[in-house]
Structure formats: structure tokens, C-alpha cells
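All remarks here apply to the structure that follows.
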Ligand SMILES: Cc1cc2nc3c(=O)[nH]c(=O)nc-3n(C[C@H](O)[C@H](O)[C@H](O)COP(=O)(O)OP(=O)(O)OC[C@H]3O[C@@H](n4cnc5c(N)ncnc54)[C@H](O)[C@@H]3O)c2cc1C
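In the numbering used here, the protein residues as written are 189 to 655.
This is how it looks when you write it as C-alpha cells:
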């Protein structure tokens, strides 16, 4: 790690000149707020020296230029809903919050695109599109709080990724402040381009290490008119997860296939203080879109038959799916309510490997005396397993968790899986990233980082070490 300089009173004065007094804070309470994301364990928290709130792209660029000149680290931050400590300023320095860059600049219903600043809440993007009869298909469970810039920076997934892809598939272009403080727009509002490297795609998912996203041009699609949510209940995790592949082979492409195991359902029930239907089973929440009502009914009949033939105990067509979606979307909060000491893993495997991966992971947790709650964006092969301390004594927890993670990834990587399907690596998974990534691939990533950020000031100590 390079040796960084502290934020001196002279640097604070310069920041105030660049951004105005109101957009620079060293208030200890505020610094504390920006010392963590949604990871609750305090060993992952770190105080910034100052937090800044630029209102324009030019102000972002000016801060980054100053930071380069003075060798001070800058950590970009959206809403801080991340689960990988990506927005935590491990090296101190400046946290650059995008929360005041929160305007939707343009929505064009005819050409179906939207231009938004990085700090616009994802739900506001979705609602604005909806008001114009359009769909923004990015749909992370944290949509009511996270920012679109954070979604692009992490390549967020979510509930509609089976049909529409992850955030990178929703983006035409990004306006970026480079690690040297230059402003550029990468990508374009085109359906194809073979014009050099896809630098927009490199920035998307780079977790604030290669550039600060200030504006995004997003693809919109017509709002589906014919859709339905179903709840399929299975007696076991195995039978529920096997059904994902059965649907795919039957040619049904849902918008959503979300899995919740019985303990995860119970955990959400306890948090929401609400009884959920068939909560002794294992859920698949399935959303189907079709061209017309007749086609939708046909798919519903086919789904019903498949469920009957493959061990589902119940298939409900949900007239009001809000309760079930609330349970699914509040799962992360429900686990946090249960205990602050846990690790949310975000493993991704080829979809056909889901059944064996889920079984093996549960077995590994059990063997070590830890408890597990599992939900999954099952249609994407993305498993969110929350590993809880369970019977593990306090003083052994960190080591036991380390062993569990290594046993899991020793198994997952040969299956063709990876560490993170959507939350990113941040700081929390940096060591695992370095252990499990092919050294050639890791070296390519380091070379790119060094070429774009020679002073290593933008979100340092994330993803991988400099050496
Ligand atoms: C209850 C809950 C449910 C969740 N559900 C999902 C889900 O379904 N799918 C999913 O993918 N994630 C999910 N997440 C994780 C999280 O919400 C996403 O990672 C989200 O994209 C983070 O956005 P944010 O604005 O909060 O970013 P932050 O947490 O502030 O930052 C995340 C990372 O992006 C970087 N960053 C942020 N803004 C910028 C920017 N403008 N330019 C450059 N870098 C930037 C930060 O440096 C950091 O590395 C969930 C989290 C919670 C708490």
C-alpha cells in the first residue's frame, strides 16, 4: 500500500473552497455514519478523515485532482447499502458521497432511455420509468434505498436478472471521473459498437476503483402488461432447487425465480411479525411475463402441471404478491435483526450446479456448528447464504468462519463458481479474491488499476492488494 498523506487543515480549506462550506464535513457523528456500509461487524468499520458532498461532476473532478496532488485516498460512496465494505474508507482520507447528485436529467419515452445522476435512488429510477409506461429492469432487493451509481459500480443483480440481465445490461453509457480527475463518457446510446475496448463495461462492476460514476444513461423497455407472480412450495430444498432446471428445460423463461428455505422464511416471519403462507415449506417465487392473457394462462397451466409432476405441495397464483415480496426483500434485514454477527455470502455457480452446491454448503456450516439461512436468486445460480455463529464460541468465530469460507470455495471454484454474483468483493472478500482468482487474471486486473490510477488513490485496499 502506498504511503498516503493526512487530510490537513490546509486540505480542508481547499475542499471548502472547491465545494462550499456546507459540502464538507468533519463532524464526528457524520464521520461515524460514513465509516461502514451494511456489514455490521465493527472489525470492518473505518472512519474517514473528511466526507465531501459534491453537487456537480466538475466538483468531483476537482476533489480527485486535489487528492492526487496531495496523495490522499478517495472512497466513492452511494447510499452505503453495500454488503462487501466497498464504500468503507479503510485507508482514511476522503469519502466522496454522491447523495447530492440526485437529479433525473432526462427521460425520453419515445426513444426509451433515461439519464440520471449517480445519486438517484434506484426506486426513483423505477418509478419515473413506470410513470411513462416503461420499465427500468434493474431490481435489487435494496432498491428503496440504494443509488443507481452504486448499482452500476457493483453491477448489481436483483430480481429480474433471469430475463433482463444485471445492471450492466441496462446501461448505455456512463459519465466518469477518472482516477486522475479527468471527465469522460464511456459507451454510447447505440445497440452495437465495435469501436475499441468496452471501457464502459470495465467501469461497470469496478466498485469505485477505476473511476467515479457521475451520470448514467439507462435503457428502458415497455412496461409488461401481462404478468403474474406464483408461489411454488416444495417439501425440501433439493426438490425446490431441482425445479429451476426443470422449468428451464421445459422452455419456461420467467422474469424471476427466487428461492427461500424454511429457516429463511421463518426468519423473515419473525422480523416482520407476520404469518406467511405455507411457511413450513421451501419457496420458489416465480414471476412470468407474457405477450397476452391467453399466453399467460397457458404458461400458468404448464407450470401447474410441472409442479404437480415434480413434487411441489402447492402452487399459488398470487393476486397480491406484496406480502411475499416483502418477506423476500427484507431477508437481509431479518438476519441482521436475528444477530449482528454473521457473514452474508453471495456465491454464484452455474445454474445446473445449484442443487449440489446448496447441499454441500449447508453440510459444511453444520459440520462447523454454524447456522445457515439461505435465499437465492435461483434462476441466476446466485446463492445468498447467511452464516450465523450458531453454536460456535465467540473466541473461535473468526477462525471457524474463515475455515467455513475456505471449505465452501475449495468446493465451489472447481464447480465453475465464483465468490460474488452481485455484491462485489470490496474489502470483505479481498483475501478470498486473492486466494481463489487465477494469478494471471489477478495480474491483469492489477495492471489495469495501476495504468488508470498510478497513485493508487481511488478506493484503495479493495478487491486486491497492490503487490
Ligand atoms: C437489504 C439489502 C438487499 C440487497 N439486495 C441486493 C440485490 O438484490 N442485488 C444486489 O446486487 N445487491 C443487493 N444489495 C447490496 C447493495 O444494495 C448493492 O450492492 C447496491 O448496488 C449498492 O449501492 P449503494 O448506492 O448503496 O452503494 P454503496 O454501498 O455506497 O457502494 C458500493 C460500492 O460501489 C462504489 N460506488 C458507489 N457509488 C459509486 C459511484 N458513483 N462511482 C463509483 N463507485 C461507486 C463504492 O465505492 C463501493 O465500492 C442489498 C443490500 C441490502 C442491505
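Glycine included, each C-beta is placed from N, C-alpha and C at the ideal position.
By the Cβ-count criterion, residue 384 is exposed, with fewer than 16 other Cβ atoms from all chains shown falling within 10 Å of its own Cβ. Checking the DSSP bridge columns, you'll see residue 446 partnered with 473. For residue 241, the three-state secondary structure derived from DSSP is coil.
Annotation for residue 388 indicates a beta carbon at 8 Å or more from all heavy atoms of ligand 1. Under the 10 Å beta carbon count, residue 273 is surrounded by 16 or more other beta carbons and is classified as buried. Annotation: residue 652 is outside any alpha helix (DSSP H) and is labelled neither H nor E by DSSP.
Per DSSP, residue 423 is not a residue of any beta strand (DSSP E), being assigned neither H nor E.
Not a single heavy atom of ligand 1 lies less than 8 Å from the C-beta of residue 456.
Per the coordinates, the alpha-carbon of residue 302 lies some 4 Å from the alpha-carbon of residue 295.
Counting C-beta atoms within 10 angstroms of its own C-beta, residue 561 has 16 or more neighbours from the protein chains shown and is therefore classed as buried.
Going by DSSP, residue 265 is part of the beta strand (DSSP E) stretching over 262-265.
If you check the CB distance, residue 421 and residue 363 do not come in under 9 Å. Set against 8 Å, the gap from the CB of residue 587 to the closest heavy atom of ligand 1 is not smaller.
Ranked by Cα distance from residue 235, the first of 278, 229, 241 is 278. Here residue 204 has 212 as same chain residues with Cβ atoms under 6 Å from its own Cβ, once five neighbours each way along the sequence are excluded. Leaving aside the five residues that flank residue 356 on each side, the residues in its chain whose CB is nearer than 7 Å to its CB run, in chain order, 343, 389, 392, 393. Residue nearest to residue 651 within the set 397, 290, 609 is 397 (criterion: CA-CA distance).
In this chain, the alpha helix (DSSP H) harbouring residue 490 covers 481-497.
Taking the CA atoms as reference points, residue 370 sits about 40 Å from residue 566. In this structure, residue 271 has its beta carbon less than 8 Å from a heavy atom of ligand 1. Check the Cα spacing between residue 374 and each of 520, 400, 282, 297: the tightest is with 400. Listed as beta-bridge partners of residue 309 by DSSP are 335.
Per DSSP, residue 520 lies in no beta strand (DSSP E) segment; the continuous alpha helix (DSSP H) that holds it begins and ends at 519-526. By the CB criterion at 9 Å, residue 435 and residue 491 fall inside the cutoff. In the displayed model, residue 453 falls within a helix according to three-state DSSP. Rounded to the nearest angstrom, the Cβ distance from residue 367 to residue 346 is 28 Å, too far for a contact under 8 Å.
Distance from the CA atom of residue 577 to the CA atom of residue 553, rounded to whole angstroms, is 10 Å. Just measuring C-alpha positions, the residue of 647, 474, 631 sitting nearest residue 655 is 631. Its chain contains 367 as the residues whose beta carbon lies nearer than 6 Å to that of residue 641, once the 5 sequence neighbours on both sides are disregarded; these appear in chain order. For residue 223, same chain residues with a beta-carbon under 8 Å away, outside a window of 5 residues either side, are 233, 234, 235, 236, 276, 277 in chain order. The C-beta distance from residue 433 to residue 535 rounds to 18 Å, too long to meet the 8 Å contact threshold. With respect to residue 307, residue 335 sits close: the two C-beta atoms are nearer than 9 Å. Taking C-beta atoms as the reference points, residue 348 and residue 326 count as a pair closer than 9 Å. The Cβ-Cβ distance between residue 603 and residue 539 does not fall below 9 Å.
For the 9 Å CB-CB criterion, residue 453 and residue 469 form a contact.
DSSP places residue 379 in the coil class of the three-state scheme, outside both helix and strand.
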